[in-house]
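Below is one structure, written out as structure tokens, with a few remarks after it.
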Amino acid sequence: MSLVAGVRETAIVAAVAVLAVLGAGLWAGRDLDSWEYWLPIVVVVPGGIAAVLGTLVRRRLRRSARDLHAAESRLEAILHNLDEAVMVNDANGRFVYANPAAARLVRMDSAEAMVSQPPGAVMELFEVTLEDGTPVDLDDLPSRRILHGLPAQPTLVLNRVLATGEERWLLQRATAVLDDDGELALVVSVVEDVTQAKRAERAQRLLADAATLLAAAERAEAMIEGIEGIVVPRLADGCAITLGEAGGATASAPAEPGRLLVVPVTAGARRLGTMRLTAETPRAFDGDGAVLAEELGRRLGAALHAARLTAERAEIAHTLQAGLLPAALPRVPRWQAASLYRPVGEANEVGGDFYDAFPTPGGWTIVVGDVAGKGPRAASLTGMTRHTLRTATRLTGRLVHAYAELNQALLGEPSLSLCTVGGVRLADAWARIVSAGHPLPVLVRGGVATPVGRTGPLLGAYPESSWPEISVDLEAGDVLVLYTDGVLDAVGDAGERFGEERLLAALTVAEPGAAGAVRAVGEALDAFAATGQRDDTAVIAVAWEGVLEIREELPATQIAPAAARRAVRGCIDGAVPRELLDRALVLTSELVTNAVRHGGGAGPVDLRARVGTTALRVEVRDSGNGFVPGPVTPGPEGGWGLALVEQAADRWGVEPGTGTAVWFEMDLVDAPGAGG
Amino acid sequence: MGTADEEFTVDVRRDGDRTHVAVTGELDLATVPRLAQAMREADDMATVVLDLRDLRFLDTSGLRAVIDEDQRATAAGRRLQIVRGPAAVQRVFSLAGVEDRLPFVAGES
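Heads up: the sequence lines are chains G and V, in that order.
At the far end of the first sequence sits residue 697, using my numbering, and the numbering has no gaps.
At the far end of the second sequence sits residue 277, using my numbering, and the numbering has no gaps.
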């Protein structure tokens, strides 16, 4: 009701009163100027106004009271139906009001029962702790703090009902209500049960921790221990995980509900084991706890299964890798060989490095190479590469042809396939270097290390390619070192590259021989890259020992053949295969026998034997006037010896001169399939 | 190490109706005469067994000597049996193409 209306009414009433008085004729005959005229007006008008005002006020008061009463009712209805507990205490701590939710919270039958309790009595029914387990002093709760005039923050506590062991997570807030003088009149507390949300949060964290742990662990033992560590004490007091399909065995502990939980460890449909959780005090293994444990069982199972697959794959890769390398370096006559191979990376990562050594027409071939990439595809390409190099070089005798073959094969692959190869062919006192995009081999001679050769393009990149063939003559003691770029790319402690300079420096001071060279490179790498290799590392060193030769002069007597055999055996025994040695001795005996029987003259028989990389040569010269060997068909006169030479030697011939020289040669490198 | 001459031995033994001639060492230009001599001493028996098992070396000198003995025995109506020697020795016979033409037998003790 507005004041304006009140004024209107007042004005109407006043006007009516004035008119009434005037109308009553009291002033008839009176003088407008006299006080007797105005006195009644002065009395009546204010009185009328007061009467009207009084009515207005009374009416407003009545309406406010009705509104207030309605408001109180609505408020009570709201508080009554709230899930949150609402409590109001006075300045002395006594309960003024509590809603039914509050009564349920403290396990009282009704709000009235709660309110009638003395202050503090209610809280004795519970054990209250913080999230980490430290007990909470009740004076630190928000309601108490407010009561004592202290500021208070919302507080999260774990509340355990002593009687039943039940646990709830409660969030408490409190506010002060001040009276008109600014003094504390009431404390209003609101307590929210956040148990569901809190449990969900802890479950999430537990699963996240489990996921992190399982991702980091590599072995089954680590996974199992890790999961047991997560379960205890967060989910249970004890946890035992066993693997094996004999799962659902009976529990050895008494099966009290809430004290033992058994869940399977599964990977898809396969059962891998069992997880047993035990609790010393009754715990909530119902609902949430059981679901969580089952989820852990599934995650552990999946991780174990993946770990097993990884281990199997590593085994396969290891087998593959072993198949990419020759079991041992073959024995090349007159060459010493030594090697070093260090694959890098996890067992799963099959490297692309390879090396190989095989006999080829006219000598031995050593290759070292690197197929780009890692993993099974690189491994399969590496196998193909090694096979192609071996076959093509054996068939043609020349590495350039093999590179051309391999180049075409790689270009024909569906996706880009690149490969570098460094190859050398070894012969007598001679080597030929052919390199396709690969670091050049190093020649170590008399303490000086120099790269030799010239490189052509890597394989698998350009259809039109050619590779220079560079020959180098060798002296006894020379060492050729082949290696993969993993050596050059090794990273040092300061982040720098090992590089060619360090390699040459290491070889300069290496001990003599192939083993010395390989050892020097290995030690230099170890000293340089203590943190580990970046790439596969392979090093092969071959040292030329020089041609093995003997020369003897034997008296032309009947014991000369035996003496010749002894001399030749002493020279070549161990340098050639046994069967070849036997044949060589027979042929030597034949030549010397012929020289003694047919050579004529009393001069000595000149015997020379020579073992090189590819062949053994024996030459016997008599001091007679030279005889031309007859037909090699054996007959009564003889000819048996040369018939045998024809049969058993790879080449033979006669050289006239002072006396007659007959020679034969036997190859130490046979057709494909022979060797080392 | 001595010469083949010194290491070469021929052992002649009579056993019932046959003569055993066992050779040891290397049979070449120098030692063939001694084999020939021993074989002539064994002429009295109808069967001669030439045992090559302990022979360490044989070249065509020895080969021819063995072939000669075979021809001599045949001509005289005697029987010659040759006990095979080690692989290196037999290889010479086969390289010369005569392995099938000589009366080789397996060894007995």
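We put the beta carbon where it would ideally sit given N, CA and C, even for glycine.
The structure presented is a predicted model; accordingly, all values stated were derived computationally and were not measured.
Item to complete: Flag this pair as touching only if the segment 461-480 of chain G and the segment 505-515 of chain G have three or more C-beta atom pairs under 8 Å; answer yes or no.
Response: no
Discussion item. With a threshold of 8 Å, are at least 3 pairs of Cβ atoms found where one atom belongs to the segment 143-160 of chain G and the other to the segment 199-218 of chain G?
Written reply: no
Worksheet entry | For F519/G, three-class secondary structure by DSSP | coil
Discussion item. Is it the case that the segment 179-196 of chain G contacts the segment 80-87 of chain G, given that we only count it when at least three CB pairs across the two stretches are under 8 Å?
Written reply: no
Item to complete: Report the residue from N110/G, P364/G, V613/G whose alpha carbon sits nearest the alpha carbon of L575/G.
Response: V613/G
Fill in: Neighbour flag for V260/V against chain G, beta carbons, 9 Å
yes
Fill in: C-beta atoms of V568/G and G633/G nearer than 9 Å
yes
Worksheet item: Distance, Cα to Cα, P275/G vs L298/G?
Response: Because the pLDDT at P275/G is just 38, under 50, the model does not fix this residue reliably, and the point stays unresolved.
Worksheet item: Does the beta carbon of E194/V sit closer than 9 Å to a beta carbon anywhere in chain G?
Response: yes
Worksheet item: Three or more beta-carbon pairs under 8 Å between the segment 457-472 of chain G and the segment 429-437 of chain G, yes or no?
Response: no
Worksheet item: Quick one: does A241/V have its CB under 9 Å from some CB of chain G?
Response: no
Practice prompt. Would you kindly work out how many angstroms separate the C-alpha atoms of V208/G and P175/G, rounded to a whole number?
Written response: 14 Å
Fill in: M244/G in three-state terms, based on DSSP
helix
Discussion item. Using 8 Å for Cβ pairs, my map puts A452/G next to L501/G. What's the rounded Cβ distance?
Written reply: 6 Å
Worksheet item: What's the call for D391/G, buried or exposed, on a 16-neighbour Cβ count within 10 Å?
Response: buried
Practice prompt. Can you pull the chain G residues whose beta carbon is under 7 Å from the beta carbon of T228/V, in chain order?
Written response: E611, W661, G662, L665
Worksheet item: Is the CB of R232/V under 9 Å away from at least one CB in chain G?
Response: yes
Worksheet item: At a Cβ threshold of 9 Å, is L197/V touching chain G?
Response: yes
Worksheet item: Which stretch, first to last residue, makes up the alpha helix (DSSP H) that contains I593/G?
Response: 581-593
Worksheet item: D586/G: which of L602/G, G595/G, P598/G sits nearest, CA to CA?
Response: Reading off the sequence, residue 586/G comes out as Arg, not Asp. Cα-wise, what sits closest to R586/G is L602/G.
Worksheet item: With 16 as the cutoff for other CB atoms within 10 Å, does E566/G come out buried or exposed?
Response: buried
Worksheet item: Can you find a CB in chain G that lies within less than 9 Å of the CB of L263/V?
Response: yes
Discussion item. Need the endpoints of the beta strand (DSSP E) that G384/G sits in, please.
Written reply: 384-392
Fill in: Segment contact flag, the segment 375-384 of chain G with the segment 394-402 of chain G, C-beta cutoff 8 Å, min 3 pairs
no
Discussion item. I'd like to know if A582/G contacts chain V, where contact means its C-beta is closer than 9 Å to some C-beta of that chain.
Written reply: Inspection of the sequence shows that residue 582/G is occupied by Pro rather than by Ala. So, interface residue.
Worksheet item: Where does P285/G sit, in a helix, a strand or coil, going by DSSP?
Response: strand
Discussion item. Please list the terminal residues of the continuous alpha helix (DSSP H) segment that includes Y483/G.
Written reply: First-last for Y483/G: undefined, no H or E at that position.
Item to complete: Flag A700/G as yes if its beta-carbon sits less than 9 Å from any beta-carbon of chain V, otherwise no.
Response: Because chain G is modelled from 22 through 697, residue 700/G falls outside the range shown and cannot be assessed.
Discussion item. With the cut-off set at 9 Å, would you say V134/V and A198/V are in Cβ contact?
Written reply: Residue 134/V is absent from the structure shown; chain V starts at 169 and stops at 277.
Worksheet item: So, are the CB atoms of R246/V and D211/V less than 9 Å apart?
Response: yes
Item to complete: Would you mind telling me which residues of chain V sit closer than 7 Å to A669/G, beta carbon to beta carbon, in chain order?
Response: L263
Worksheet item: Within 9 Å (strictly less), CB to CB, does A256/V reach chain G?
Response: yes
Worksheet item: According to DSSP, what are the bridge partners of E686/G?
Response: R638/G, R672/G
Practice prompt. Decide yes or no for the touch test of the segment 311-328 of chain G against the segment 520-538 of chain G: beta carbon pairs closer than 8 Å, at least 3 of them.
Written response: no
Discussion item. Any beta carbon from chain V within less than 9 Å of V607/G's own beta carbon?
Written reply: yes
Worksheet entry | Own chain residues within Cβ distance below 8 Å of L270/V, not counting five before or after | V234, I235, D238, I250, F261
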